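Report on the following structure.
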Amino acid sequence: MNAPDTGQRMITVGRLHGAFGVRGEVKLESFTDPLRAIASYQPWTLRDARGQERSCEGVKVRT
3 MNAPDTGQRM ITVGRLHGAF GVRGEVKLES FTDPLRAIAS YQPWTLRDAR GQERSCEGVK
63 VRT
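Here it is as structure tokens:
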């Protein structure tokens with residue numbers, strides 16, 4: 003599934019490091035300053051190793 007082409011440039015603001023826990027949580031490395039600012043950049047578009055993209059909304063960030 004590819005994300006719709008909105009004509010906007012995307013930047014990388016973080017990287018997922020795998021699943022964590024039993025509630026669908028993931029480990030996330032934030033490249034933003036401060037680190038928690040990554041939560042304000044939504045919706046997120048996730049791209050997998052094959053280049054396929056998926057949009058995620060309503061993401062909650064905890065430390």
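The sequence shown: position 62 = 64 (my numbering), numbered continuously.
Think of the CB as a built atom: it goes at the ideal place given N, C-alpha and C, for glycine as much as any other residue.
The structure displayed is predicted, hence computed values, not measured ones.
Query	Result
Collapsed DSSP secondary structure at A21 in the structure displayed	strand
Endpoints, beta strand (DSSP E) assigned at K66	Lying outside 3 to 65, the shown extent of the chain, residue 66 is not represented and no answer is given.
Residue interval of the beta strand (DSSP E) (run including E55)	E55 to C58
Own chain residues within Cβ distance below 7 Å of E59, not counting five before or after	Q44 and P45
Own chain, CB closer than 8 Å to I13, minus 5 neighbours either side, in chain order	none
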